[in-house]
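See below for the structure under consideration.
In the numbering used here, the protein residues as written are 60 to 126.
The following block contains the structure:
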(Lines of atoms letter the chains of each structure in order from A and count residues from 1; the text may use other names and numbers.)
(Lines give C-alpha, C1' and ligand atoms only; values in the text may rest on other atoms or scores of the structure.)
Protein backbone atom coordinates (compact mmCIF):
# COMPACT_ATOMS: atom_id res chain seq x y z
CA UNK A 1 0.00 0.00 0.00
CA UNK A 2 0.96 3.64 0.34
CA UNK A 3 3.64 3.14 3.06
CA UNK A 4 5.52 0.63 0.89
CA UNK A 5 5.26 2.90 -2.14
CA UNK A 6 6.66 5.82 -0.12
CA UNK A 7 9.71 3.77 0.81
CA UNK A 8 10.28 2.53 -2.73
CA UNK A 9 9.79 6.00 -4.26
CA UNK A 10 12.69 7.35 -2.20
CA UNK A 11 15.01 5.02 -4.10
CA UNK A 12 13.28 5.45 -7.47
CA UNK A 13 11.34 8.76 -7.66
CA UNK A 14 9.81 8.03 -11.10
CA UNK A 15 8.30 4.73 -9.93
CA UNK A 16 4.80 4.09 -11.28
CA UNK A 17 2.11 2.46 -9.17
CA UNK A 18 -1.30 0.90 -9.69
CA UNK A 19 -3.36 0.14 -6.60
CA UNK A 20 -5.96 -2.64 -6.60
CA UNK A 21 -8.71 -3.27 -4.07
CA UNK A 22 -12.04 -4.96 -3.66
CA UNK A 23 -13.34 -1.66 -2.29
CA UNK A 24 -14.74 0.97 -4.65
CA UNK A 25 -12.33 3.75 -5.56
CA UNK A 26 -14.65 6.34 -3.99
CA UNK A 27 -14.50 4.50 -0.65
CA UNK A 28 -10.71 4.27 -0.77
CA UNK A 29 -10.39 8.01 -1.45
CA UNK A 30 -13.12 8.94 1.04
CA UNK A 31 -11.34 7.05 3.84
CA UNK A 32 -8.06 8.79 3.05
CA UNK A 33 -6.18 5.72 1.86
CA UNK A 34 -5.38 7.27 -1.54
CA UNK A 35 -5.68 10.75 -2.99
CA UNK A 36 -8.12 11.30 -5.82
CA UNK A 37 -6.56 10.58 -9.20
CA UNK A 38 -4.20 7.86 -7.94
CA UNK A 39 -4.11 4.96 -10.43
CA UNK A 40 -6.60 2.43 -9.08
CA UNK A 41 -8.27 -0.74 -10.35
CA UNK A 42 -11.25 -2.21 -8.53
CA UNK A 43 -11.50 -5.99 -8.12
CA UNK A 44 -12.75 -8.08 -9.72
CA UNK A 45 -11.33 -7.15 -13.09
CA UNK A 46 -10.73 -8.95 -16.36
CA UNK A 47 -7.26 -9.58 -17.82
CA UNK A 48 -7.94 -7.07 -20.64
CA UNK A 49 -9.00 -4.42 -18.09
CA UNK A 50 -5.79 -5.01 -16.13
CA UNK A 51 -3.68 -4.78 -19.28
CA UNK A 52 -5.37 -1.51 -20.31
CA UNK A 53 -4.89 0.04 -16.87
CA UNK A 54 -1.23 -1.02 -16.67
CA UNK A 55 -0.65 0.46 -20.13
CA UNK A 56 -2.36 3.71 -19.07
CA UNK A 57 -0.16 3.97 -15.97
CA UNK A 58 3.03 3.26 -17.92
CA UNK A 59 2.15 5.77 -20.64
CA UNK A 60 1.23 8.59 -18.24
CA UNK A 61 3.84 10.94 -16.80
CA UNK A 62 4.67 10.02 -13.21
CA UNK A 63 2.64 12.15 -10.80
CA UNK A 64 4.29 14.15 -8.04
CA UNK A 65 2.48 12.16 -5.35
CA UNK A 66 0.61 8.85 -5.31
CA UNK A 67 -0.82 9.03 -1.82
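All residues carry an ideal CB built from backbone N, CA and C; glycine is no exception.
Since this is a predicted model, take the numbers as computed values, not measurements.
Chain-order list of residues whose beta-carbon lies under 7 angstroms from that of residue i (same chain, five-residue window excluded)
{"i": "residue 117", "result": "75"}
Backbone CA spacing between residue i and residue j [nearest angstrom]
{"i": "residue 104", "j": "residue 72", "result": "28 angstroms"}
{"i": "residue 64", "j": "residue 106", "result": "24 angstroms"}
{"i": "residue 110", "j": "residue 70", "result": "26 angstroms"}
{"i": "residue 121", "j": "residue 108", "result": "20 angstroms"}
{"i": "residue 62", "j": "residue 119", "result": "22 angstroms"}
Per-residue burial, residue i [other beta carbons within 10 Å of its own, 16 or more giving buried]
{"i": "residue 67", "result": "exposed"}
{"i": "residue 93", "result": "buried"}
Range covered by the beta strand (DSSP E) that runs through residue i
{"i": "residue 74", "result": "It is not in any beta strand (DSSP E) - residue 74 carries neither H nor E in the DSSP assignment."}
{"i": "residue 93", "result": "Per DSSP, residue 93 belongs to no beta strand (DSSP E) and is neither H nor E."}
Own chain residues within Cβ distance below 8 angstroms of residue i, not counting five before or after
{"i": "residue 77", "result": "98, 99, 100, 112, 113 and 116"}
Endpoints, the alpha helix (DSSP H) within which residue i is located
{"i": "residue 107", "result": "106-118"}
Cβ-based neighbour list, residue i, same chain, cut-off 6 angstroms, excluding 5 preceding and 5 following
{"i": "residue 60", "result": "none"}
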